[in-house]
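Enquirer:
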Ligand SMILES: [Zn+2]
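Here it is, written out as structure tokens:
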């Protein structure tokens, strides 16, 4: 996305619509791709999941599926600014937020992804009905950004959502499990996959881990020898 004509178009846009901070509407120094001003960005809580294996997160996930590693860019306690960022990313159709956040996070976790030999990035799909009504799948630009900064290929339209699941937010744990059971399927396509692939599943937020686990279980059934890790923009931190 750095062709001369694109750069000229971005320059014109910046003059017509000066870039402002998504949270406080202060002018941004350069472009809207900064998303936030330095003061608002200082309120976001970054996690260190790319350095330390978080036992509590792994245990949360391991109830359902044993992931190799779990990466989350931000911690997401109650009343956190991260909540606001996710809202814009998920519901306001602001594709560039996911893309820029993914691009940035890719640079941070690149060496860890290399050491884990991650071979493919897979965005968690949404059901086609939801995609029609929402207009886009927020996980795709996030994965595109990660893929661009790490040079790890992404696979789209392979894993798909069979069930148009209800929103998980108001369901208890048992209802969530039932809601997500067999929610995913894999299309029959020949993919250039290495003998022992290590897939990284990408989602927006990690709460109970049920969505990511169901997707992993679906892939594991087709590729039992594959390793699977997970990566999200943020995780819900229940300790805060
Ligand atoms: Zn701001």
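Numbering (my numbering), first residue to last: 48 to 287. Virtual Cβ for every residue (Gly too), placed ideally from N, Cα, C.
Which ranges would you report for the beta strand (DSSP E) in the segment 135 to 213 if only whole runs of at least 3 residues count?
Expert: If we require 3 residues or more, the beta strand (DSSP E) runs fully inside the segment 135 to 213 come out as 167 to 170, 206 to 208.
Enquirer: List in chain order: all unbroken beta strand (DSSP E) runs of 3+ residues lying wholly within the segment 235 to 268.
Expert: Here the runs fully enclosed are 245 to 253.
Enquirer: For residue 275 and residue 136, I'd like the C-alpha separation in whole angstroms.
Expert: Numbered from its first residue, the chain shown carries residue 275 at position 228. Numbered from its first residue, the chain shown carries residue 136 at position 89. Whole-angstrom Cα-Cα distance: 25 Å.
Enquirer: Using a C-beta cutoff of 8 Å, does residue 119 count as contacting chain D?
Expert: Reference to chain D is not applicable here, since this structure consists of a single protein chain.
Enquirer: For residue 83, is the beta carbon positioned less than 7 Å from some heavy atom of ligand 1?
Expert: By 1-based counting over the chain shown, the position of residue 83 is 36. Residue 83: yes, Cβ under 7 Å from ligand 1.
Enquirer: When you measure from the CB of residue 70 to every non-hydrogen atom of ligand 1, does any distance come out below 7 Å?
Expert: The count along the chain shown starts at 1 and reaches residue 70 at position 23. Checking every heavy atom of ligand 1 against the Cβ of residue 70, one is found closer than 7 Å.
Enquirer: Output yes or no for whether 8 Å exceeds the beta carbon distance between residue 213 and residue 232.
Expert: Here the question's residue 213 lines up with position 166 in the chain shown. Here the question's residue 232 lines up with position 185 in the chain shown. Result no, Cβ atoms of residue 213 and residue 232 do not sit closer than 8 Å.
Enquirer: Could you check how far apart the C-beta atoms of residue 187 and residue 170 are, in whole angstroms? I think they sit under 8 Å.
Expert: Walking along the chain shown from the start, residue 187 turns up at place 140. Walking along the chain shown from the start, residue 170 turns up at place 123. Rounded, the Cβ-Cβ distance is 5 Å, consistent with contact.
Enquirer: With distances taken between CB atoms, is the gap from residue 218 to residue 199 smaller than 8 Å?
Expert: Here residue 218 refers to the residue found at position 171 when the chain shown is read from its first residue. Here residue 199 refers to the residue found at position 152 when the chain shown is read from its first residue. Cβ atoms of residue 218 and residue 199: not closer than 8 Å.
Enquirer: Is residue 119 near ligand 1 - that is, is its Cβ less than 7 Å away from at least one heavy atom of it?
Expert: Translated into the one-based positions of the chain shown, residue 119 becomes position 72. Because no heavy atom of ligand 1 lies under 7 Å away, the Cβ of residue 119 does not count as near it: no.
Enquirer: Looking at ligand 1, does it come within less than 7 Å of residue 91, judged from the CB to the closest heavy atom?
Expert: For the purposes of this step, residue 91 is identified with residue 44 of the chain shown, where counting begins at 1. No - ligand 1 has no heavy atom lying nearer than 7 Å to the Cβ of residue 91.
Enquirer: Tell me the rounded alpha-carbon separation between residue 153 and residue 230.
Expert: As a working mapping, residue 153 is identified with position 106 in the chain shown. As a working mapping, residue 230 is identified with position 183 in the chain shown. Cα-Cα distance, rounded: 28 Å.
Enquirer: In three-state terms, what does DSSP make of residue 86?
Expert: Position 39 of the chain shown, counting from 1, holds the residue named residue 86. Three-state result, residue 86: helix.
Enquirer: Sorry if obvious, but does the Cβ on residue 86 come closer than 7 Å to a heavy atom of ligand 1?
Expert: Here the question's residue 86 lines up with position 39 in the chain shown. Under cutoff, so the answer is yes.
Enquirer: Starting from residue 282, follow its DSSP beta bridges and name the residues at the other end.
Expert: To locate residue 282, count along the chain shown from 1; it is residue 235. According to DSSP, which records beta bridges pairwise, residue 282 is partnered with 122, 253.
Enquirer: Cβ-heavy atom distance between residue 73 and ligand 1 below 7 Å?
Expert: In the chain shown, counting from the first residue as 1, residue 73 sits at position 26. Checking the Cβ of residue 73 against ligand 1 gives yes.
Enquirer: In whole angstroms, give me the CA-to-CA distance for residue 109 and residue 206.
Expert: Stepping through the chain shown from its first residue, residue 109 is reached at position 62. Stepping through the chain shown from its first residue, residue 206 is reached at position 159. Cα-Cα distance, rounded: 21 Å.
Enquirer: Looking at the structure shown, is residue 275 part of a helix, part of a strand, or coil, going by DSSP?
Expert: Residue numbering aside, residue 275 sits at position 228 when the chain shown is read from its first letter. It is a strand residue.
Enquirer: Between residue 263 and residue 112, how many whole angstroms is the CB-CB distance? I'm expecting something under 8 Å.
Expert: As a working note, residue 263 is residue 216 in the chain shown. As a working note, residue 112 is residue 65 in the chain shown. Residue 263 to residue 112, Cβ: 4 Å. Contact.
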